[in-house]
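So that you can map any letter, position 173 of the sequence shown is 603 in the working numbering, and since no number is skipped, the others follow by simple counting.
Working notes, beginning with the structure itself.
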Amino acid sequence: IGRSLCYPPHLSGSSILFQMRNHIANAIIIISGIVVDVRAWSTCKATSGTHAQLHLQSRRPSRALLLLAASNSETSSESSSESESKGAATVGLYRQFAEYGWERLLSSSSTDNNNNFLDLSEPQDFVPSELAHQSVPARGSTMPDATVNIEVKALAPSDDSNNAHMNPIRLARYALLETISSASTSTTKSGEHTQQQNMQDENNGKCVCVSGIQVLNFVIFPNETMDLPVFGADLVTLPGDKHLVAIDFQPLRVSEDTGDGILNLSSADVEAKLKSLHEKYSAVLEWGGDIPEPARRYFSQNAIWSRQSGAEGLVLVETAVLDAFKDYLDVYMDELAAAAAVAARGNGVDDALDGSIKNALVEGNASYLAYRKANDPARPMLKSLYGEEFTERLISEVLFTGK
431 IGRSLCYPPH LSGSSILFQM RNHIANAIII ISGIVVDVRA WSTCKATSGT
481 HAQLHLQSRR PSRALLLLAA SNSETSSESS SESESKGAAT VGLYRQFAEY
531 GWERLLSSSS TDNNNNFLDL SEPQDFVPSE LAHQSVPARG STMPDATVNI
581 EVKALAPSDD SNNAHMNPIR LARYALLETI SSASTSTTKS GEHTQQQNMQ
631 DENNGKCVCV SGIQVLNFVI FPNETMDLPV FGADLVTLPG DKHLVAIDFQ
681 PLRVSEDTGD GILNLSSADV EAKLKSLHEK YSAVLEWGGD IPEPARRYFS
731 QNAIWSRQSG AEGLVLVETA VLDAFKDYLD VYMDELAAAA AVAARGNGVD
781 DALDGSIKNA LVEGNASYLA YRKANDPARP MLKSLYGEEF TERLISEVLF
831 TGK
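Printed below as a string of structure tokens:
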């Protein structure tokens, strides 16, 4: 359910063969420069475990997104598929990103995990209740009863921990905006194009809403006494199928010679791994254009910065962008573990850091927070949705605080 296939240009004239986990009830095809032979498909009723085949013929190099609606019933129909999906929870496009990141942090804080180098918990009253959750009606949405919901969560070293000074994390937090419809399936038509706005997630049974405003700002702030970058992920989907992606290890120190950020990693192997990941995903997610001069010092050479659009962009968000987010975060977690090991050996002190580096880290952290507070690109959108007071409090008290 909700299975997506990317159709590479070099497969023009070929057949795509794929295994179906469920009985096919319906197929919605988003077409971009593709002629699709659906005659065999229209009569295909592939049962669970069998294969279905679709022949695609391209007039010009392009891609097609294939969205399959299915149910577990061997005698499925559109009505049964719809009634089944209505009981599913509806979440936004970036919910699975946030949940993956949170689970990675919490699993490294659990006493049930041998690799529990983090001791994090949700700090009491850090995110005021009036800022943690808000919901407003979605303006101009074609989805029935749609709302734009914001959820804010934070993790910090546990209050009862005696080793907070050795924790490589000062604060981890995310802000998640989701446009959600009470109707789990809805479609709109514009000319000959049909867009499915909600898709059933075959992994967890949730209905994923891909329309409207979908935003995730996921940030991990390091202990400023340790020479670690900030992990930052800004993922934005706007009406009209516009997608903005930024994932990076954001450096806090800057070179006096070049003015570029200094990314200090624990080993040459980690540097090579991160470079390899950057090359891998840059080949799929093309560069998004010039970065404003004042912001360049907060981007590393391994930054993923991309603009995507249309059905192709949605496919990339659900595949390459999700994989990049996970891979970059996994490497960052390895860096946190390495920093925690160094801190444990030195009782919270990294003897390799001289006074000038320590001062540069403190100054860099303050500079980063000040820049993000003053230039948060989400400010206009948040103000229009939730008002000025909510927006300014959220940005200054939670998202980019020095606490």
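Every residue gets a Cβ at the ideal spot worked out from N, C-alpha and C, and that includes glycine.
All values reported here derive from a predicted model rather than from experimental measurement.
Secondary structure remark: continuous beta strand (DSSP E) runs of at least 3 residues inside the region 674-762, in chain order: 734-739. DSSP, read as helix, strand or coil, puts residue 554 in coil. Residue pairing of residue 564 in beta bridges, as defined by DSSP: 580. The residues 577, 578, 579 and 580, in chain order, have a CB closer than 8 Å to that of residue 565 in the same chain once the five nearest residues on each side in sequence are set aside. Ranked by how close their Cα comes to the Cα of residue 524, the residues 606, 569 and 535 have 606 in first place. The C-beta separation of residue 747 from residue 667 comes to about 7 Å, placing the pair in contact by the 8 Å criterion. Looking at the DSSP output, residue 644 shares a beta bridge with 608 and 667. Taking residue 711 as the centre and dropping the five residues before and after it, the same chain places the C-beta of 734, 750 and 754 closer than 7 Å to its C-beta, in chain order. Between the alpha carbons of residue 701 and residue 611 lies a gap of roughly 43 Å. Beta-carbon to beta-carbon, residue 761 and residue 561 are separated by about 31 Å, too far to satisfy the 8 Å threshold. Between the alpha carbons of residue 830 and residue 821 lies a distance of about 12 Å.
Nearest neighbour of residue 649 by Cα position, chosen from 574, 770, 771 and 763, turns out to be 763.
Between residue 691 and residue 728, the C-beta spacing is below 8 Å.
Rounded to whole angstroms, residue 802 and residue 809 show a C-alpha spacing of 10 Å. Each residue's CA atom was taken as its position, placing residue 602 and residue 651 some 6 Å apart. Ranked by Cα distance from residue 584, the options 573, 528, 686 and 783 are led by 528. Between residue 730 and residue 680, the C-beta spacing is below 8 Å. Rounded to whole angstroms, the gap between the alpha carbons of residue 720 and residue 757 is 24 Å. In the DSSP assignment, residue 531 falls within the unbroken alpha helix (DSSP H) covering 525-537. In this structure, residue 743 lies near residue 673, with their beta-carbon atoms less than 8 Å apart. Around residue 704, the same chain offers 732 and 761 as residues with beta carbons nearer than 6 Å, after the five sequence neighbours per side are excluded.
Residue 537 holds the alpha-carbon nearest to the alpha-carbon of residue 551 among 559, 537 and 563. Exposed is the label assigned to residue 725, since fewer than 16 other Cβ atoms lie within 10 Å of its Cβ.
The shortest CA-to-CA distance from residue 636 to any of 682, 557 and 521 is the one to 521. Secondary structure at residue 809: helix, using DSSP grouped into helix, strand and coil. Between residue 693 and residue 659, the C-beta spacing is below 8 Å. Its Cα nearest to that of residue 664, the residue 646 stands out among 752, 646, 819 and 657.
Distance from the CA atom of residue 638 to the CA atom of residue 589, rounded to whole angstroms, is 36 Å.
If you look at residue 520, you'll find it in the beta strand (DSSP E) that goes 520-522. Each residue's CA atom was taken as its position, placing residue 723 and residue 604 some 26 Å apart.
Between residue 587 and residue 555, the C-beta spacing is not below 8 Å. With respect to the 8 Å criterion, residue 682 and residue 805 are not classified as neighbours on the basis of their beta carbons.
Residue 790 and residue 547 do not touch by the CB rule: their CB atoms are close to 25 Å apart, not below 8 Å.
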